[in-house]
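Q:
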Amino acid sequence: MADRNGNDNRRRGTFNIGVVIFSALFVYLIIMLVMYLTAGHISTYMVTEGTLSQNENYTALALRSEQVVTAPESGTVSYYVQDGDKASKDTCVCSIGDAAEEESVQSSSETEPDDSEMEQIRSLASAFSGAWRSDEYDSVYHFRYSLQSMLANHAGTGRTISGTRVKTPSDGVIAYTTDGLEGLKAEEVTADDFDRSSHASSAIQSDTAVSSGDPVFRVITDDTWELVFPVSDRQYASLSSRSVIKVRFEKDGLSENGDLSLFDKDGTHYALVTLYSGMVRYCDDRYLDIELVTNTVSGLKIPISSIVNKEFYVIPVSFEVSGGDDGQTSGFIRQTKDENGNQTTEFVEADLYEKTTLDDGTEVYYVDEDTFSEGDIIIQTDSRSTYTVGNVSVLEGVYCTNLGYAQFRKVNILDQNEEYAIVAEGTDYGISQYDYIVRDGTDVDESQILHES
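Numbered according to the working numbering, the sequence shown spans residues 6 to 458.
1) Hey, would you say L265 sits closer than 9 Å to L189, going by beta carbons?
2) Quick check: the Cα distance between L297 and G185, rounded to an integer number of angstroms?
3) Report yes if the C-beta distance between G304 and E54 is below 9 Å; otherwise report no.
4) For D343, is the classification buried or exposed, using 16 other Cβ atoms within 10 angstroms of its Cβ as the cut-off for buried?
5) For G161, collect the residues of the same chain with a Cβ closer than 6 Å to its Cβ; drop the 5 residues on either side in sequence, then sort them by chain order.
6) Name, in chain order, the residues that DSSP records as bridge partners for D269.
7) Run through DSSP, which three-state label would Q210 get?
8) May I have the straight-line CA-CA distance separating D197 from V236, to the nearest angstrom?
9) If I measure Cβ to Cβ from D228 and keep anything under 6 Å in the same chain, skipping five residues before and after, which residues do I get?
10) Per the contact definition of three or more C-beta pairs closer than 8 Å, is the region 447 to 454 in contact with the region 336 to 353?
11) Roughly how far, in whole angstroms, is the beta-carbon of Q340 from the beta-carbon of I383, given that I think they are within contact range, below 8 Å?
12) For V224 versus V178, is the C-beta spacing smaller than 9 Å?
13) Please classify V443 as buried or exposed, where buried requires at least 16 neighbouring CB atoms within 10 angstroms.
14) For T81, count neighbouring C-beta atoms within 10 Å of its own C-beta (all shown protein chains included) and say buried if the count is 16 or more, exposed if not.
15) Alpha carbon to alpha carbon, how far is S211 from S112? Give it in angstroms, no decimals.
16) Could you give the first and the last residue of the continuous beta strand (DSSP E) run that contains Y241?
17) Which residues does DSSP pair with E430 in a beta bridge?
18) Going by other Cβ atoms of all chains shown within 10 Å of its Cβ, with 16 needed for buried, is S83 buried or exposed?
19) Give every residue of the same chain whose Cβ lies closer than 8 Å to the Cβ of T231, excluding the five residues on either side of it in the sequence, and list them in chain order.
20) Round the Cβ separation of T406 and Y441 to the nearest angstrom and send it over; I've been treating them as touching at under 8 Å.
21) Grouping DSSP H, G and I as helix and E and B as strand, with all else coil, what is V249?
22) Report all residues from its chain with a CB closer than 8 Å to the CB of I312; omit the five preceding and five following residues, and keep chain order.
23) What did DSSP end up calling D448 once you bin it into helix, strand or coil?
24) To the nearest angstrom, how far is it from the Cα of D365 to the Cα of P321?
25) Kindly indicate the opening and closing residues of the beta strand (DSSP E) around N396.
26) Starting from T2 and walking both ways along the beta strand (DSSP E), at which residues does that stretch end?
27) So, are the CB atoms of R239 and T299 less than 9 Å apart?
28) Residues in its own chain within less than 8 Å of S131 by CB, not counting five upstream and five downstream?
29) Can you tell me where the beta strand (DSSP E) with S390 in it begins and where it stops?
30) What does the alpha-carbon distance come out to for the pair Y370 and V32?
31) In this structure, how does DSSP classify A76 when only helix, strand and coil are distinguished?
32) I'd like to know whether the C-beta atoms of V394 and E379 end up nearer to each other than 9 Å.
33) On the three-state DSSP scale, how would you describe R339?
34) Tell me whether the beta-carbon of S243 lies closer than 9 Å to the beta-carbon of E61.
35) So for E192, helix, strand or coil by DSSP?
36) Going by beta carbon distance, what residues of the same chain come within less than 6 Å of G336, once the five residues before and after it are set aside?
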């Protein structure tokens, strides 16, 4: 509507930059949301160092060269040597006497343990605490007895030994547990010997009444000892090629190397490991839970599902040249034609993923298929020999996601099981620790932009 002067009073439209920017952002967010919802989401895996869990666990019977010493008469036993200590021949390990007399002698010589002895007690308690397992309650009694033996040894220092002395028949390690399997030989083992409930160990403690002929201690006369255990047909076949084996003891996590042999008895396969050290640590244990360390391969651990096969052109090593701006870049000379149909050449930079030798003795490089097209001709500059690109071969690898898209990275598999593989570190065009790779390699294509989940 116009005023009296003929001017149009209707408000003219105004340009609002804020509305335009907001609208553009809104449209962008809608587009990104649609792309996110329609894109394939992949699961990734962080590469770490590791080993494969292929080691076998067994319960082994410990066999030693040992002799049980019995009480020469009835009475109360008092010990003077700590469990697990070494003693020479004719050492007085304990005495058998009258209980009232022993109590009188002991009370007259009581002293407080010194700092060194207290440190031994703390060390004993710490070792027990670290190896404690709720399903091996016998270890409580072994700890209790070792502690009592240590205190008895302290109490006996410098006092007159009363009663009938019981001495060692030979040099050896003193142990105070017995189970009826002392002196058992590997060739005498039966299936019943592996029944723990039938061969529970017992320990005589100081100030305990014993009868004549009761066992009072053992003397282990040789540091060489043996572990014997039954194995399945599969385990037997797996171990048959080995003569030396590493044994890890679940009790304390320590390991020993030993000689391995296999034998059959009563239709059962057995493994026998001969050890030359470590016996003292387990001198009170007849049954030991062990792990045979058969897998020592370590490297980068990745899921089997991540591994894919990719085809590469194979090109003879003799055609490689150096070029590029710095003259040091690896590549090949490709023969082409210009716009007028004249034959020319060009330098093509190439990533050389692998170098190998074919069955006919020819050394070749693995070159990414994106570098050339099938039928391309490359030449040797010195001889003008030509090679037509077309032959392909396959490399194993994974898709790395560090840059947000799928990049093929070569892997060299050292070992594998049904779920994981161990691959070598430091491989050219390979992966490194803490790289992220696609968990299922069949989910993506190379160079695909990825949305991780």
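Backbone N, C-alpha and C define an ideal beta-carbon position, used for all residues, glycine too.
Note that this is a predicted model, so its numbers are computed, not measured.
A: On the basis of the coordinates in this document:
1) With contacts defined by Cβ atoms closer than 9 Å, L265 and L189 do not form a contacting pair.
2) About 27 Å.
3) Cβ distance < 9 Å, so G304 and E54 count as in contact.
4) Answer is exposed; the Cβ neighbour count stays below 16.
5) Bear in mind that a pLDDT of 47 at G161, under 50, signals an unreliable position, so the model cannot answer this.
6) Per the DSSP secondary-structure output, D269 pairs in a beta bridge with H274.
7) The answer is coil: DSSP assigns Q210 none of H, G, I, E or B.
8) If you take the alpha carbons of D197 and V236, they lie about 15 Å apart.
9) So the list reads M284, once near-sequence residues are dropped.
10) Output reads no: the region 447 to 454 does not touch the region 336 to 353.
11) The C-beta distance from Q340 to I383 rounds to 7 Å, short enough to meet the 8 Å contact threshold.
12) For the 9 Å CB-CB criterion, V224 and V178 form a contact.
13) The residue in question, V443, is buried, as its Cβ has 16 or more Cβ neighbours within 10 Å.
14) Around the Cβ of T81, a 10 Å sphere holds 16 or more other Cβ atoms; the residue is buried.
15) Because the pLDDT at S112 is just 48, under 50, the model does not fix this residue reliably, and the value given afterwards should be weighed accordingly. So the two alpha carbons sit approximately 14 Å from each other.
16) Membership of Y241 in any beta strand (DSSP E) is not indicated; the residue belongs instead to the alpha helix (DSSP H) covering D238 to L244.
17) DSSP, once it has assigned bridges, lists no residue as partnering E430.
18) Burial check for S83: the Cβ neighbour count within 10 Å reaches 16 or more, so the residue is buried.
19) Correcting the residue identity first, residue 231 is Glu in this sequence and not Thr. So the list reads A67, L68, R69, A191, L277, V278, T279 and L280, once near-sequence residues are dropped.
20) Yes, they are in contact, since the Cβ atoms of T406 and Y441 sit about 5 Å apart, within 8 Å.
21) Under the three-state reduction of DSSP output, V249 falls in the strand class.
22) Excluding its 5 nearest sequence neighbours in each direction, I312 has C-beta neighbours in its own chain below 8 Å: E401, G402, V403, V416, I418, A426 and G446, listed in chain order.
23) Assignment of D448 by DSSP, reduced to helix, strand and coil, places it in the helix class.
24) One C-alpha to the other measures close to 12 Å.
25) No beta strand (DSSP E) holds N396; DSSP gives it neither H nor E.
26) An answer regarding residue 2 cannot be provided, because it is not within the stretch 6 to 458 covered by the chain.
27) No. Outside cutoff.
28) Closer than 8 Å at the Cβ level, and outside the excluded window around S131, lies no residue.
29) Per DSSP, S390 is not a residue of any beta strand (DSSP E), being assigned neither H nor E.
30) The alpha-carbon of Y370 is positioned some 48 Å away from that of V32.
31) DSSP places A76 in the coil class of the three-state scheme, outside both helix and strand.
32) The criterion of a C-beta distance shorter than 9 Å is satisfied by V394 and E379.
33) Correct three-state label for R339: strand.
34) By the CB criterion at 9 Å, S243 and E61 fall inside the cutoff.
35) Three-state DSSP puts E192 in a helix.
36) Within the same chain, G336 has close Cβ partners G328, F352, V353, E354 and A355.
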